[in-house]
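Everything on this sheet refers to the single structure shown next.
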Amino acid sequence: MKGGIMAFLEVNGIELPCPSVGLEVILSDAVNSGRNANAEVIAEKVGKTNLKYNNLQWMWLTNEEWTKICSVFSEFFVVAKVWNPAKGGFENIKMYPGDRTGQIYWLEKDGVTPKNWTQCKVNIIDCGLIESKFNSNA
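Throughout, the numbering used here is defined as the position within the sequence shown, counted from one, plus 17.
Below, the structure written as structure tokens:
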């Protein structure tokens, strides 16, 4: 928490920069379903509602900022503190990242080292574990 302001996104206890416009927060329910002899849908929700942060992106980052974001996902599974709209607040969720992509925009004077990045993106997906289970196995 910087200057009393809570970070929008925290991964493994590390605050990430606020993302650019375009983030989609997806709530997804796993369903076991089929049809009966009358062709009526028979279904039941399986497990908990899962959360996906889709199109988590930053339009402009320094090399240090993009390196920090990429490095927090060096371990495949992470604990992310994210806003859950179904609960109206932040919660810690065990998640995993999708591909991390970014475009080099400027190079340092050496002509090799990236200085700035643009269009940096990652999706993070809920593992589906109930918090009490992953906290005891973390």
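Positions of the beta carbon are idealized from the N, C-alpha and C atoms, including for glycine.
Would the segment 98-112 count as touching the segment 75-89 if we require 3 or more Cβ pairs under 8 Å?
Judged by Cβ distances under 8 Å, the segment 98-112 makes no contact with the segment 75-89, as fewer than three pairs qualify.
For Cys137, which of helix, strand or coil comes out of DSSP?
To locate residue 137, count along the sequence shown from 1; it is residue 120. Correct three-state label for Cys137: strand.
Just the C-alpha distance for Trp100 and Ala54, rounded to the nearest angstrom, thanks.
To locate residue 100, count along the sequence shown from 1; it is residue 83. To locate residue 54, count along the sequence shown from 1; it is residue 37. Trp100 and Ala54: Cα-Cα distance of roughly 42 Å.
Less than 8 Å between CB atoms is the rule here; does Val38 satisfy it with respect to chain C?
Checking the listed chains, one finds no chain C in this structure; it contains a single protein chain.
Measuring straight from C-alpha to C-alpha, what distance separates Leu44 and Leu68?
One-based indexing of the sequence shown puts residue 44 at position 27. One-based indexing of the sequence shown puts residue 68 at position 51. Going from the Cα of Leu44 to the Cα of Leu68 covers about 5 Å.
Compute the beta-carbon to beta-carbon distance between Tyr113 and Cys144, rounded to the nearest angstrom, for a pair I have assumed lies under 8 Å.
Along the sequence shown, one-based indexing puts residue 113 at 96. Along the sequence shown, one-based indexing puts residue 144 at 127. Rounded, the Cβ-Cβ distance is 6 Å, consistent with contact.
Rounded to the nearest angstrom, what separates Gly30 and Val58 at their Cα positions?
Position 13 of the sequence shown, counted from the start, is the residue given in the question as residue 30. Position 41 of the sequence shown, counted from the start, is the residue given in the question as residue 58. Cα to Cα, the separation comes out at about 43 Å.
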